[in-house]
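In case it helps, UniProt numbering puts the sequence shown at residues 1 to 429. Down below is the structure, laid out as structure tokens.
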Amino acid sequence: MKYHLIDSSLFIKNRKNFTAQMKPKSLAVFNSNDIYPVSADSTLPFAQHRDIFYLSGVDQEESILILFPDCPNPKHREILFLKETNEHIAVWEGEKLTKEAALKTSGIKTVYWLQDLEKVLFELMTLNETIYINTNEHYRASVETETREDRFTKWLKEKYPAHTVAKSNPILQRLRSVKDQIELDLIQTACDITEKGFRRILNFVKPDVWEFNIEAEFMHEFLNNRSKGFAYTPIVASGNNANVLHYIENNQQCKSGDLILLDVGAEYANYSSDMSRTIPVSGKFSKRQREVYDAVKRVKDEATKLLVPGALWAEYHIEVGKLMTNELLGLGLIDKADVQNENPDWPAYKKYFMHGTSHHMGLDTHDYGLLHEPMQANMVFTVEPGIYIPDEGFGIRLEDDVVIQANGEPFNLMHNIPIEAEEIEDLMN
């Protein structure tokens, strides 16, 4: 891996927190992701399943974690199963985890090769009554591909039909949404790498560059700082492209006088960052662009203050909607009649700001978190209001990643990344 080794105390603590919520005489299983095929012998780059990474730090394919806290044999309360490495694999694919390296990474002492899984698992299954399976219940999940986890779950339920089945996901949703300090430091590193990329492109952007040129400059900086690259597919949207919320073609030329909406973030050690900035191609905002920019910035600043322990996601978004309504009235984009006659299910402001303001962020860019439960300290949220005006040929979104504090306003992990219009203009000129 490109990233520095993570302190195994994080994964030891994560497992302790998870097993504390398991039922008596129960066992939980977690699988690595597949390496996904493209065609012929081509594959996509491996990306680890975030749950097994969260609980073990293991970042390679064909790995399985078993947790069985009530096992009579203490040796079998935590077990890693790994693909057996040898000299041939080392030559052709590179070094894989040895048992010693797995212990150093995860803090798990019992490590077997994958070929021993069925034999060991049979012994364990005779000693437990409940199996925790790992399903994807993220509120935005839409998965058609059968994953390695899915295949294993199907096999496990067929092999051991008499066991009670429980779900790991609700436990993980709650645990993963509240970050440990080690996690916050890793996310901060990802944000700092993103900052380096943004400062790089401020010196690079000028009329007639192409959107993909800007994407390449970010990638250069990310790779140079131990990141694998973008945490998600980057958006580099000049002119009216900014009014396509998930514009990812990044294939147009940037014209003088236009704005560029950038929604990009580096990953680091599988943790995400998620930044949006909007900058002028020519290095200076027009009067109208600046009016809208400042309005978005005010909404962002006030919305951030609302992210406090006990706040509810749905109520928070209602309050942000009120902030945005006031700004749109001031910009002349809507009038009082629009507000008085609005559909409560689709308020007037939604014409120009149609997406949510905040989502959990961490190991996934849209991270785990139960939105119906109150916010807590050490949750990480994005704050990303925008105003999109196709008739005027531009859209503006501003986004930072913040950590909810026990008291006071959230801590902004991106406080060093330029966002004030004057600073952006100064750096571009």
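Ideal Cβ positions, reconstructed from N, Cα and C, are used throughout, including at glycine.
Per the DSSP secondary-structure output, Asn378 pairs with nothing in a beta bridge. Within 10 angstroms of the beta-carbon of Leu55 lie 16 or more other beta-carbons, which makes it buried.
Glu78: member of the beta strand (DSSP E) spanning Glu78 to Leu82, first to last residue.
Each of Ala295, Gln376, Phe11 and Asn73 was checked against the Cα of Leu65, and the nearest Cα belongs to Phe11. Take the alpha-carbon of Tyr160 and the one of Met379: they are about 38 Å apart.
Shortest Cα-Cα distance from Leu117 to any of Leu333, Tyr139, Ile133 and Leu80 involves Leu80. Under the three-state reduction of DSSP, Ser282 is assigned to coil, being neither helix nor strand.
Judged by DSSP in its simplified three-state form, Asn412 adopts strand.
Shown here for Leu333: same chain residues with a beta carbon closer than 6 Å to its own, the five before and five after excluded, namely Tyr352 in chain order. When DSSP reads this structure, Lys167 sits in a beta bridge with Ile133. By the CB criterion at 7 Å, Asn416 and Glu195 fall inside the cutoff.
Taking a contact as a CB-CB distance under 8 Å, the pair Asn33 and Thr147 counts as one, their CB atoms being some 7 Å apart. Around the C-beta of Gly229, fewer than 16 other C-beta atoms lie within 10 Å, and the residue is accordingly described as exposed.
If you draw a 10 Å sphere on the C-beta of Met22, you find 16 or more other C-beta atoms in it, and that means buried. If the five residues before and after Asp263 are omitted, its C-beta is found closer than 6 Å to the C-beta atoms of Ile235 and Ser276, all from its own chain and listed in chain order.
Per DSSP, Asn31 is one residue of the beta strand (DSSP E) stretching across Ser26 to Asn31. Shown here for Gly362: same chain residues with a beta carbon closer than 8 Å to its own, the five before and five after excluded, namely Arg176, Ser177, Lys179, Glu183, Ile187, Tyr271, Ser272, Tyr368 and Val380 in chain order. Listed in chain order, the non-local C-beta contacts of Tyr36 below 6 Å within the same chain comprise Leu44, local neighbours out to five positions each way being set aside.
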